[in-house]
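>
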Amino acid sequence: MATSLEVRGVSLRFGGVRALTDVSFAIREGELFSIIGPNGAGKTSIVNCISGRYKPTEGQLFYRDRDITGLTPNARASLGIGRTFQNLALFHHMSVLDNIMVGRHHLLRNNFLTGSLYWLTGARKEELEHRRKVEEIIDFLDLQPVRKATAGTLPYGLRKRVELARAMALEPRLILLDEPMAGMNFEEKEDMARYIVDLNEEFGMTVVMIEHDMGVVMDISHRVMVLDFGKKIAEGDPATVLADPHVRRAYLGEEDEVLVDPDDASPAQESAA
Ligand SMILES: Nc1ncnc2c1ncn2[C@@H]1O[C@H](COP(=O)(O)OP(=O)(O)O)[C@@H](O)[C@H]1O
Ligand SMILES: [Mg+2]
Numbered sequence: 042m043a044t045s046l047e048v049r050g051v052s053l054r055f056g057g058v059r060a061l062t063d064v065s066f067a068i069r070e071g072e073l074f075s076i077i078g079p080n081g082a083g084k085t086s087i088v089n090c091i092s093g094r095y096k097p098t099e100g101q102l103f104y105r106d107r108d109i110t111g112l113t114p115n116a117r118a119s120l121g122i123g124r125t126f127q128n129l130a131l132f133h134h135m136s137v138l139d140n141i142m143v144g145r146h147h148l149l150r151n152n153f154l155t156g157s158l159y160w161l162t163g164a165r166k167e168e169l170e171h172r173r174k175v176e177e178i179i180d181f182l183d184l185q186p187v188r189k190a191t192a193g194t195l196p197y198g199l200r201k202r203v204e205l206a207r208a209m210a211l212e213p214r215l216i217l218l219d220e221p222m223a224g225m226n227f228e229e230k231e232d233m234a235r236y237i238v239d240l241n242e243e244f245g246m247t248v249v250m251i252e253h254d255m256g257v258v259m260d261i262s263h264r265v266m267v268l269d270f271g272k273k274i275a276e277g278d279p280a281t282v283l284a285d286p287h288v289r290r291a292y293l294g295e296e297d298e299v300l301v302d303p304d305d306a307s308p309a310q311e312s313a314a
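Sequential numbering from 42 applies to the sequence shown in my numbering.
(1) Kindly list the residues whose CB is nearer than 7 Å to the CB of G245, restricted to its own chain and excluding five residues on each side of it in sequence; keep chain order.
(2) Can you tell me whether DSSP reads M233 as helix, strand or coil?
(3) Could you check where the alpha helix (DSSP H) with L120 kicks off and where it finishes?
(4) Please work out which residues of its chain come closer than 8 Å, Cβ to Cβ, to D239, disregarding the five sequence neighbours upstream and downstream, and give them in chain order.
(5) Does the distance from the C-beta atom of V64 to that of I91 stay below 8 Å?
(6) Restricting to Cα atoms, I'd like to know which of E242, R165, L268, F103 is closest to V48.
(7) Give the residues whose C-beta lies closer than 7 Å to at least one heavy atom of ligand 2, in chain order.
(8) Going by beta carbon distance, what residues of the same chain come within less than 8 Å of A234, once the five residues before and after it are set aside?
(9) Let me check you understand the geometry: is the CB of A118 closer than 7 Å to at least one non-hydrogen atom of ligand 1?
(10) In angstroms with no decimal places, state the Cα-to-Cα distance between T44 and L215.
(11) So does the segment 94-114 actually touch the segment 270-283, counting three or more Cβ pairs closer than 8 Å?
(12) Under the rule that 16 or more other beta-carbon atoms within 10 Å means buried, what is L154, buried or exposed?
(13) Any Cβ of chain B within less than 8 Å of the Cβ of R290?
(14) DSSP puts Q101 in a beta bridge; with which residues?
(15) Between which two residues does the alpha helix (DSSP H) harbouring E204 extend?
(16) Rounded to a whole number of angstroms, what is the C-alpha to C-alpha distance between R59 and G83?
(17) Please identify the residue among M209, R202, F227 whose C-alpha is closest to the C-alpha of E243.
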């Protein structure tokens, strides 16, 4: 399988804070790749480096064999890198439909300058094509019943889904999902997991997902990478990563071996956990 994205020796510092240290990994076309790790591990930072929001202090990024390290976020979006945000970023006063249309703005060749030539320039044909694409996504994500609703009035789970729809509207080949299920209840999570699997399998999108719910991550990911204090500590298929002692210690908070009977654990140890 061809390589979608390669991250090569990326480090990122904010003043004295080392958000990322020499992180390297590669993602194949069509993969569903998850990034896990404790809070502050650098997960959002690496996604921001991929989308172009952050510029790495060191290292390079390649997308489909092209060096994108110096490209702006917009240029990367035009190449097919889409994303959602950890915190909701919808236009709350706008309808669901309009929020999704916004996702296509960079694909609009015709703008207000050519608007007067609407019938002559192919603008109308273009608009119909945009509508068709947006309708396809609305169908796919089962947003039909709320298409005209004001985004800000929807329950949280649905708003996250609208955000996913907007990211999909860009027709990315590679989609970056920063905690798409955060704050959701069990049913909402199940739905979202299914949509993510489907967009990976049916739409053929390569997925990079940050997610805290280990059950979901292990269930749907092809491969998983673990970050801890800005460093990669493990990478592999879910079963291998889950069994890795470093991961169990760093992420799941387990000791290498259980040396003390849990009943004997001192109060000091408990409060340190
Ligand atoms: N814009 C920023 N300015 C300063 N520090 C930042 C910024 N973004 C992230 N960091 C720091 O980088 C580290 C990694 O953060 P982040 O990538 O958000 O972690 P995660 O998403 O894994 O919780 C943290 O110490 C965080 O405070
Ligand atoms: Mg984060």
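Using N, Cα and C, we set each Cβ at its ideal position, and we do this for glycine too. Bear in mind that the values here come from a model prediction, so they are computed numbers and not experimental data.
Judging by the given coordinates:
(1) Contacts found: G71.
(2) Helix, per DSSP.
(3) Note, L120: alpha helix (DSSP H), 114-120.
(4) Closer than 8 Å at Cβ, skipping near neighbours: F181.
(5) No, they are not a contact pair.
(6) Measuring from the Cα of V48, the nearest candidate turns out to be F103.
(7) Those residues, listed in chain order, are K84, T85, Q127, D219, E220, I251.
(8) Short of 8 Å from the beta carbon of A234, and not among the five residues preceding or following it, lie these beta carbons of its own chain, in chain order: M222, V257, D260, I261.
(9) No.
(10) Going from the Cα of T44 to the Cα of L215 covers about 11 Å.
(11) Per the Cβ contact rule, the segment 94-114 is not in contact with the segment 270-283 (fewer than 3 Cβ pairs under 8 Å).
(12) Bear in mind that a pLDDT of 46 at L154, under 50, signals an unreliable position, so the number given afterwards is only what the model happens to contain. With fewer than 16 other Cβ atoms within 10 Å, it is exposed.
(13) The structure shown contains no chain B, having only a single protein chain.
(14) Note: Q101 sits in a beta bridge opposite R49.
(15) Following the DSSP letters along the chain, one finds E204 inside the alpha helix (DSSP H) bounded by residues 197-210.
(16) Roughly 9 Å separates the two Cα atoms.
(17) Ranking M209, R202, F227 by CA distance to the CA of E243 puts M209 first.
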